[in-house]
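**Student:** Residue numbers (our numbering), protein chains in the order written: chain A, 1 to 497; chain B, 1001 to 1497; chain C, 2001 to 2497; chain D, 3001 to 3497. We treat Cβ as the ideally placed atom computed from N, Cα and C, and that holds for glycine. The model shown is predicted, which means the values in this text are computed figures rather than measured ones.
Number of protein chains: 4
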Amino acid sequence: MNDRPPSATPPETKLWGGRFRDSVDPEIHRFTASLPFDRRLARADLLGSLAHARMLLEQGIVDPPAAGPILDGLAGILAELESGRLAVDGADEDVHSWIERQLAERIGEAAGRLHTARSRNDQTGLALRLYTRERLAGLVRLAATLAEDLAARAGDHLETFLPGYTHQQRGQPVSLSHHLLAHAWSLLADARRFRTAHETAGVSPLGAGALAGSPHPVSPARVAELLGLPGVFANSLHAVADRDYAAEAAFACALCLVHLSRWASEVVLWTSSEVGFARLSDRVAKGSSLMPQKKNPEPAEILRGKSGRVLGDLQALLVVLKGLPLAYNSDLQEDKEALFDALDTAEGCLTVSRPLLAGLAFDVTRMGQALTGGYLTATALADLLVGAGVPFREAHGRAGRVVLAAEERNCELWELPESVLGELCPELPAGARERLLPEAAARSHRSPGGPAPERVVEQLAAAREAIAAELAWVDGLPEPPLRRALRDGTITADRLA
Amino acid sequence: MNDRPPSATPPETKLWGGRFRDSVDPEIHRFTASLPFDRRLARADLLGSLAHARMLLEQGIVDPPAAGPILDGLAGILAELESGRLAVDGADEDVHSWIERQLAERIGEAAGRLHTARSRNDQTGLALRLYTRERLAGLVRLAATLAEDLAARAGDHLETFLPGYTHQQRGQPVSLSHHLLAHAWSLLADARRFRTAHETAGVSPLGAGALAGSPHPVSPARVAELLGLPGVFANSLHAVADRDYAAEAAFACALCLVHLSRWASEVVLWTSSEVGFARLSDRVAKGSSLMPQKKNPEPAEILRGKSGRVLGDLQALLVVLKGLPLAYNSDLQEDKEALFDALDTAEGCLTVSRPLLAGLAFDVTRMGQALTGGYLTATALADLLVGAGVPFREAHGRAGRVVLAAEERNCELWELPESVLGELCPELPAGARERLLPEAAARSHRSPGGPAPERVVEQLAAAREAIAAELAWVDGLPEPPLRRALRDGTITADRLA
Amino acid sequence: MNDRPPSATPPETKLWGGRFRDSVDPEIHRFTASLPFDRRLARADLLGSLAHARMLLEQGIVDPPAAGPILDGLAGILAELESGRLAVDGADEDVHSWIERQLAERIGEAAGRLHTARSRNDQTGLALRLYTRERLAGLVRLAATLAEDLAARAGDHLETFLPGYTHQQRGQPVSLSHHLLAHAWSLLADARRFRTAHETAGVSPLGAGALAGSPHPVSPARVAELLGLPGVFANSLHAVADRDYAAEAAFACALCLVHLSRWASEVVLWTSSEVGFARLSDRVAKGSSLMPQKKNPEPAEILRGKSGRVLGDLQALLVVLKGLPLAYNSDLQEDKEALFDALDTAEGCLTVSRPLLAGLAFDVTRMGQALTGGYLTATALADLLVGAGVPFREAHGRAGRVVLAAEERNCELWELPESVLGELCPELPAGARERLLPEAAARSHRSPGGPAPERVVEQLAAAREAIAAELAWVDGLPEPPLRRALRDGTITADRLA
Amino acid sequence: MNDRPPSATPPETKLWGGRFRDSVDPEIHRFTASLPFDRRLARADLLGSLAHARMLLEQGIVDPPAAGPILDGLAGILAELESGRLAVDGADEDVHSWIERQLAERIGEAAGRLHTARSRNDQTGLALRLYTRERLAGLVRLAATLAEDLAARAGDHLETFLPGYTHQQRGQPVSLSHHLLAHAWSLLADARRFRTAHETAGVSPLGAGALAGSPHPVSPARVAELLGLPGVFANSLHAVADRDYAAEAAFACALCLVHLSRWASEVVLWTSSEVGFARLSDRVAKGSSLMPQKKNPEPAEILRGKSGRVLGDLQALLVVLKGLPLAYNSDLQEDKEALFDALDTAEGCLTVSRPLLAGLAFDVTRMGQALTGGYLTATALADLLVGAGVPFREAHGRAGRVVLAAEERNCELWELPESVLGELCPELPAGARERLLPEAAARSHRSPGGPAPERVVEQLAAAREAIAAELAWVDGLPEPPLRRALRDGTITADRLA
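1) At 4 residues or longer, and completely inside the stretch 198-243 of chain A: list those alpha helix (DSSP H) runs for me, N to C.
2) Using 10 angstroms around the beta-carbon of S3177 (chain D), count the other beta-carbons present and answer buried if the total reaches 16, otherwise exposed.
3) Which same chain residues end up closer than 6 Å to A1485 (chain B) when comparing Cβ atoms and leaving out the 5 residues on each side of it in sequence?
4) Classify S83 (chain A): buried if its beta carbon has 16 or more other beta carbons within 10 angstroms, exposed otherwise.
5) Looking at the C-beta of S447 (chain A), does it have a partner C-beta in chain C at a distance below 8 Å?
6) From this set, D:L3384, D:L3050, D:A3469, which residue's C-alpha is nearest S2944 (chain D)'s C-alpha?
7) Under the three-state reduction of DSSP, which class applies to A3033 (chain D): helix, strand or coil?
8) Using 10 angstroms around the beta-carbon of R3054 (chain D), count the other beta-carbons present and answer buried if the total reaches 16, otherwise exposed.
9) Taking Cβ-Cβ distances below 9 Å as the criterion, which residues of the stretch 2294-2317 of chain C are in contact with chain D?
10) Please check the pair P3480 (chain D) and L3227 (chain D), which I expect to be a contact at CB under 8 Å, by giving their CB distance rounded to whole angstroms.
11) Rounding to the nearest angstrom, what Cα-Cα distance links L3437 (chain D) and Q3172 (chain D) in this structure?
12) Identify the continuous alpha helix (DSSP H) that holds Y2165 (chain C) and give its terminal residues.
13) Name, in chain order, the residues that DSSP records as bridge partners for Q1169 (chain B).
14) Since F3340 (chain D) is in the alpha helix (DSSP H), which residue starts that stretch and which ends it?
15) Report, in whole angstroms, the separation of the C-beta atoms of V2284 (chain C) and G2359 (chain C), which I expect to be a contact under 8 Å.
16) Report yes if the C-beta distance between L1130 (chain B) and G1048 (chain B) is below 8 Å; otherwise report no.
17) If you draw a straight line from the alpha carbon of V2420 (chain C) to that of E2412 (chain C), how long is it in whole angstroms?
18) How would you label Q2169 (chain C), buried or exposed, when you count the other beta carbons within 10 angstroms and need 16 or more for buried?
19) Assuming L2146 (chain C) contacts S2353 (chain C) under a Cβ cut-off of 8 Å, what Cβ separation, rounded to an integer in Å, is found between them?
20) Taking the alpha-carbon of T3200 (chain D) as reference, which of D:L3229, D:A3254, D:L3471, D:L3343 has the nearest alpha-carbon?
21) For a cutoff of 8 Å on Cβ pairs, would you count F3233 (chain D) as touching chain B?
22) What do you get for D3331 (chain D), buried or exposed, if any count of 16 or more other CB atoms within 10 angstroms of its CB means buried?
23) Should P1391 (chain B) be labelled buried (16 or more other beta-carbon atoms within 10 Å of its own) or exposed?
24) Which value, in whole angstroms, describes the spacing of the CA atoms of E2470 (chain C) and G1422 (chain B)?
25) Give the straight-line distance between the Cα atoms of A3452 (chain D) and Q1059 (chain B), rounded to the nearest whole angstrom.
26) Answer yes if the stretch 233-248 of chain A comes into contact with the stretch 64-73 of chain A, meaning at least three C-beta pairs across the two stretches below 8 Å, and no otherwise.
27) What separation, rounded to the nearest whole angstrom, lies between the Cα atoms of A1278 (chain B) and F1362 (chain B)?
28) Skipping 5 residues on each side, what residues in its chain have a beta carbon closer than 7 Å to that of A3300 (chain D)?
29) Which value, in whole angstroms, describes the spacing of the CA atoms of T1345 (chain B) and V1310 (chain B)?
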């Protein structure tokens, strides 16, 4: 004998209750309800619904007497939300139900025409894409602004020299400008990736319905146009199943956090007693509850740690997508929190990096002291030999032996007696010793992209240009026609500009 | 010239403000404050603080006139929190500061003696361990209880037969009991892992101080005893740096979610039109906002998707730990949200699986129908040939050819004419055809751990015993002496039981 | 007293031996040697070295008598490698050392001039970028070709109808063409991401040296031009520290594998007895060692499983990068195997998907049968009501009740008596019942991107155009000047075209 | 019309060819063949097969005339493999097919009886479990041995003091012994996790068949006993679907690598010019191809980087398992490479850590110098005030002000004039200044688990005991009866000991 399902209780009021005779178990409702986290999509969903309603009106699918109240009602809800007079709350299963309920409470039965020719599957995709784009544009600005801050600091230190490191060992002298700009270029690459993800997200899925489009004469292109989205879905099944934009956005956040973790690691190192290249102002450090002398670079440590979180978010999102058959599956509901956390964390970390950088006072004295003691110009010596015709391999070996000689004498390369240097490296031109001073070596590295001040001046100009281009991109994002109509109060007009 | 840090503003009141002249930047405060998420450690931290204060008293580090108000004050805060009269809220940087502030507001300056001989580094470790253990014990119970539900359903279906699948292809007949118990064993393994992680977390770090212990005559062992923790740290540096327990807990959650994702996948499959082995009651299904006929297994899909989240949490935690030098680093503050999310998700998913299972009505008719058409007893045929002395490889090949013959005739193996069967398999004993009926084949698989009803009866008994042992373990967890003293009102007594 | 390092043994011959007095521990050598995996960079590294040598010649850094043998020697090694006469093998610590040793064996001491003004840090970055670009171009072709195969199959099935699924439940009727093209669009997005990563990798780091450029008059732009790389590094520290291109490539592979896992999941489902929408030819299925009747979709299962591997590779890469300070650190050596595995797996999986798809025979009869029994046209009924003026919410509820009525009668929607339909839905126009037939419903979904055959014809054309554009991009990749010179034998000429 | 599969070609010889009329596509064969990586299971699979054959003999399922040659044949193959006379190679699809082919070539048709009552599903599970256990036992030994090395070094430095760090800032003085032992305790926890995973893997799945056991009178318990496995599967479906042991093993490896990454990070830091607490011998460092003076801690950097790889392996494994329905699916074939890589990497990293540690010469002079300049004993001052009756919070604040006073005077705390100290801290007892010397402070931290030498002596003894217990566990692993029988040549005897 087949099992019986548990006995029936009165059905609830849901968007989809028609064929259901029993209400949802409260535990199940709690588990499946997305309102606690998708409420933040309310604005985006209202914009999407306005565009949908406007399209239904323009295409004659809903006639003006019904469309007018819908448009006005949605615009009213949006205005109240944006002004803070209304908050998204309640027992609704998701933000879409919440909005439809709000609308019905305001305009009555006509609200029931709004969902014509769409499903929550295409609707939620649209809202998530609009929301993600807005956040990504914000991240472009933040990444570029942090790069700008770095460039500004770099501008002050074209002639501040310090060791450049590889393997956390002193390598060759570079300038602080050069060093700071290295981080700026990573941030500019992040800005580019945020823009690319913004473009990926710019495809409207509305009109895909649940998975199979519609028999009504909908115009997905018009919806996209109203919302300022440059593209329209090509395939309704793909449109509701696709989360590539979410994965791209999360990946861009993850790589950005990796970059910040590298910089944060450096801040921790540089502010240690041992390195001492920078001090943190009291405004960006924390003390110890036990050790009274401590001044800890907590913001930098937490910044470094946050990378784990976003790597986890990226993984979460990809795992959710793994193995899902077409078209929509509710697993996709789990895309949101991972994506939101990645966006929030990237935003929070980029934001906090600005005061952290501002609170970092560089100790150029310590930097200068660190230029000695590590034989940082051994390569410069080898290069001088190369200039004198010695093959590089041979020059490298000889410079190594000079280092040993200096180690034995416990002196710097430029302090070695001429005789010793001359014996090991007879090819060296006169005046070679001065060229082994760290600053001289840094200044001599005039190759493109190198640390010589004149090269860094060029680099700084290039970075500033790239930063300006990113900021101009954000500033130049056009206002969507729908937003304009809302501002102008023409949302129910016959024609929109 | 060295950079100057930004100009000074009046210092704030912090636990560590002594050497600071300037207050923390608000952005930095927001970024580094952990109260929004570590507030859930309030109860655990209060218990830890009570044990610490009691130890300070017993060891004579704090004398009774000071210790009494501290103990009473902390007990009062705990009581108010547990009764819901007090909520953790405010601008404090963490839950520890919040508690110390609460205490100071109640008992004044004496509160300042509580933090003697400890640091937030060992304090937070203790609170997190206590909290994690409590949650893990809850997960043992939930996993065992879900296994119990599965066993209960299994008890009803010892003689319900259905295809067992490999590669999502029908393989050999098994019983529904056998199938359901397979999931129960996974959950029992999860319960075991939760217990192991509980044991790992059972080492008290209090007394490690910031990293180097203390000059005061503290007794870490007494603190552990009061809190019912079986172990004490061996090395103070390790104690504050160690997060193995968090990683083990997150891993146990991740593997549990993987198991639930496998079961959830099956629920989705089984409730599809195509498989139809089960139907979902209205109480655990959801409808479509567009398609009126739909009944979607959303809870099962979300359950499957949640695995991504916990895999992400585990990764986040491990990435945070990567590369951190000894001893404490603030990156470790980022352990909490990942761990909390893993614990919450495991709890939520195990909890919701119970009504989901209860809402699953098995369709034994469809199961029975699925036993035909897939030549599920081809192996049984091969085994009969083996019994008649044919080497297995040869028997396997012959059975394959019999399958082809049946396919050509479009009939079941047991419907093949005796002549055909006899020609291909002359060794077959009389009556072989009946033994090719699916149910007969399932019943004949009497090997240990196999699907024959008498074996499953044994297995069910073993599972129930294992479940009972897990539940007994949870029920048998002793009440810590400190809790008893709080209940008895003897927290400031000379001697505790 | 300070510790003493272990006693000295004779030094080895390494590229960097000058200041070392003792040889490397064999265990350490084994652990740090990268030749076993970076050998696959040999061709790319030779091309990079040729470009470097050519630039050194053109810039007058190495004079023609030395540069000539170097160029000829490298060209000779490359030719032997490409023809298979030479294999990369030996005890060298990396492929760069191997090549330099090969060169020295051929041309003697002059080989020592090749490494002038470069380091392994910029050299290995260049080789990895060249290699990655070559592989990514291959992946663009493979993804587009698989999309082409899908489009070709789609072209045969414009009028083959089957259920479209959401939540693995039958939703609305679609065509097989439409369904297959959904996968094609995902692959086209993958192709785009491979192209973007190709562009990201197209920045030459050569000339960055170890981290600080060079005092020699090198021309990084000329090296890039010779190799056909569109960009040049801006900052020497960033150039050697940056692995964004590797992460982007791995991410593109990961998302591609996620897409393939979704398709593979579908293949497993469709070839199950229960769904039966497709059968696998013997050429792409496997049998069971025990169960003679089995025909398992192993290639599809493995394809699905491979997604785990590439998600792991992506994480591995990001974790390696986490927290590394500037500039080069040897952790970066660990970028290679993860990246290689991601590229190999993506290539292998895209490659095998073609015969797998070819071996898939669709069972259109089973597809047609599945159109009944699931009330797939309940939405069509609601849409008809909407067309007759009923608000959608009301129409949805009514259609739900019609479904219940049909369930009670155990009949299809279009089989319901006119009277029943008329009573529940009096607004329905005449002839509505025929429009509830699944095929009619699919044909009526004429919205853009929908399943109606005329829409899919348009979509197919768009997909083919997009595919052709991807393939044209790969075919149109220009031959780098260096390659041309090698082909023309003008590598040592005064001027290159 | 239904599609046709591609045209037929002659069938291949496979273990499962009976019902197949066409051979496998070569691309598909390459993609699905596991021999290239599962060949390393050959020994384990032979042991499993020997136990299976022995059980078939003892249970009378295969009679002595057939069982004898099988046992002798398998023993012969094993002996040849172990002596290196035979290598696993060829075009077989997996190691199981390779072994069965080897056996058939030696003993002919009787080989066909070996596969009676088993499937590759239970067979491969058994081999993987045996293999994993062997590797895990090896990892227990390696982890304990590295801990032993650390303990040995710790034994030399009970009275070597250096700063203990939190937040990479100098915190309080500790001893080098104490510091080194912190790492040892992490390794001991790893050893414990390897043992736990070893136990999890100690459940024999043989006898589960493909998924449903067997009609033959097999004895899974006897197979387990012969192989020295303590447990037997409870449910045949679970037995072939379960990969918890692989996940646990991978997790234990991942956490071990996280620990090693923390130590490796420290090695990189300590050998930097800035910290200088240790120098690397030439045997464990590497030079630069460009910079002659460099001595890079490459092994430590790579060690740190390897953590990414194993975190990726763990994720890969968990992702493979996500969402798989019961029972066996070929996705599980993808468990192997991730697990193997995790085991190999953990083994390689633990192995190389020993010479790396041996090559690390501590510079106790630098350590001593680092004890000054960071006000490491500010906490000691606060503790002295607490001892004099000042509440800790007050004492902490006062000590902070003393630090500021010392900073202003640019002197150490113990160098402050008595008058200054007395003014700020009138409660301080006489002789307090000496107790502010770093070494005195470290010696005064006599709390359990603290840095005072007498405490570290106890700790060292405890660590050595724990290490000895781990090593004793490995040494005490009993030889399985089957191994003994092979050694004694009694594998075909009537009775085994």
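**Tutor:** Judging by the given coordinates:
1) The qualifying runs are 220-227, 236-241.
2) The residue you call residue 3177 (chain D) lines up with position 177 of the fourth sequence. Burial is judged here by how many other beta carbons sit within 10 angstroms of a residue's own beta carbon; S3177 (chain D) has at least 16 and is buried.
3) Here residue 1485 (chain B) is taken as the residue at index 485 of the second sequence, counted from 1. Result list for A1485 (chain B): I1491, L1496, in chain order.
4) Counting from 1 along the first sequence, the entry for residue 83 (chain A) is found at position 83. In summary, S83 (chain A) is exposed, with fewer than 16 beta-carbon neighbours lying within 10 Å of its beta-carbon over all protein chains present.
5) In the first sequence, residue 447 (chain A) corresponds to position 447, counting from 1. It does; some Cβ of chain C falls within 8 Å.
6) The structure shown does not extend to residue 2944 (chain D), since chain D spans only 3001 to 3497, so no value can be given for it.
7) For the purposes of this step, residue 3033 (chain D) is taken as residue 33 along the fourth sequence, with counting starting at 1. The three-state secondary structure of A3033 (chain D), taken from DSSP, is coil.
8) Position 54 of the fourth sequence, counting from 1, holds the residue named residue 3054 (chain D). Around the beta carbon of R3054 (chain D), a 10 Å sphere encloses 16 or more other beta carbons of the protein chains shown; the residue is thus reported as buried.
9) Result list: K2294, K2295, N2296, P2297, E2298, P2299, A2300, E2301, I2302, L2303, R2304, G2305, K2306, S2307, G2308, R2309, V2310, L2311, G2312, D2313, L2314, Q2315, A2316, L2317.
10) Position 480 of the fourth sequence holds residue 3480 (chain D). Position 227 of the fourth sequence holds residue 3227 (chain D). P3480 (chain D) to L3227 (chain D), Cβ: 5 Å. Contact.
11) Here residue 3437 (chain D) refers to the residue found at position 437 of the fourth sequence. Here residue 3172 (chain D) refers to the residue found at position 172 of the fourth sequence. Answer to the nearest angstrom: the Cα atoms are 11 Å apart.
12) In the third sequence, residue 2165 (chain C) corresponds to position 165, counting from 1. From DSSP, Y2165 (chain C) is part of no alpha helix (DSSP H) but of the beta strand (DSSP E) over 2161-2166.
13) For the purposes of this step, residue 1169 (chain B) is taken as residue 169 along the second sequence, with counting starting at 1. According to DSSP, Q1169 (chain B) bridges with B:T1166.
14) To locate residue 3340 (chain D), count along the fourth sequence from 1; it is residue 340. Here the alpha helix (DSSP H) through F3340 (chain D) covers 3335-3358.
15) The sequence position of residue 2284 (chain C) within the third sequence is 284, counting from 1. The sequence position of residue 2359 (chain C) within the third sequence is 359, counting from 1. With 8 Å as the limit, V2284 (chain C) and G2359 (chain C) qualify as a contact, their Cβ atoms being about 3 Å apart.
16) One-based indexing of the second sequence puts residue 1130 (chain B) at position 130. One-based indexing of the second sequence puts residue 1048 (chain B) at position 48. Taking 8 Å as the Cβ cut-off, L1130 (chain B) and G1048 (chain B) qualify as a contacting pair.
17) In the third sequence, residue 2420 (chain C) corresponds to position 420, counting from 1. In the third sequence, residue 2412 (chain C) corresponds to position 412, counting from 1. Straight-line Cα distance between these residues: approximately 13 Å.
18) Looking up residue 2169 (chain C) in the third sequence gives position 169. Buried is the call here.
19) As a working note, residue 2146 (chain C) is residue 146 in the third sequence. As a working note, residue 2353 (chain C) is residue 353 in the third sequence. Right, their Cβ atoms sit about 5 Å apart.
20) Taking the first residue of the fourth sequence as 1, we reach residue 3200 (chain D) at position 200. Considering only alpha carbons, the answer is D:L3229.
21) On the fourth sequence, residue 3233 (chain D) is found 233 positions in, with the first residue counted as 1. So yes, F3233 (chain D) belongs to the interface.
22) Position 331 of the fourth sequence holds residue 3331 (chain D). The residue in question, D3331 (chain D), is buried, as its Cβ has 16 or more Cβ neighbours within 10 Å.
23) Counted from its first residue, the second sequence places residue 1391 (chain B) at position 391. Under this definition P1391 (chain B) is a buried residue.
24) By 1-based counting over the third sequence, the position of residue 2470 (chain C) is 470. By 1-based counting over the second sequence, the position of residue 1422 (chain B) is 422. Taking C-alpha positions only, E2470 (chain C) is separated from G1422 (chain B) by approximately 60 Å.
25) Translated into positions along the fourth sequence, residue 3452 (chain D) becomes position 452. Translated into positions along the second sequence, residue 1059 (chain B) becomes position 59. Each residue's Cα considered, the two are about 19 Å apart.
26) In the pairwise beta carbon analysis, the stretch 64-73 of chain A is classified as not touching the stretch 233-248 of chain A: fewer than three pairs are separated by under 8 Å.
27) Start at 1 with the first residue of the second sequence, and residue 1278 (chain B) comes out as number 278. Start at 1 with the first residue of the second sequence, and residue 1362 (chain B) comes out as number 362. A straight line joining the alpha-carbon of A1278 (chain B) with that of F1362 (chain B) spans about 4 Å.
28) Taking the fourth sequence and counting its residues from 1, the one referred to as residue 3300 (chain D) is at position 300. Counting only Cβ-Cβ distances below 7 Å, and skipping sequence neighbours, we find A3264, V3267, V3268, L3356.
29) In the second sequence, residue 1345 (chain B) corresponds to position 345, counting from 1. In the second sequence, residue 1310 (chain B) corresponds to position 310, counting from 1. Cα to Cα, T1345 (chain B) sits roughly 7 Å from V1310 (chain B).
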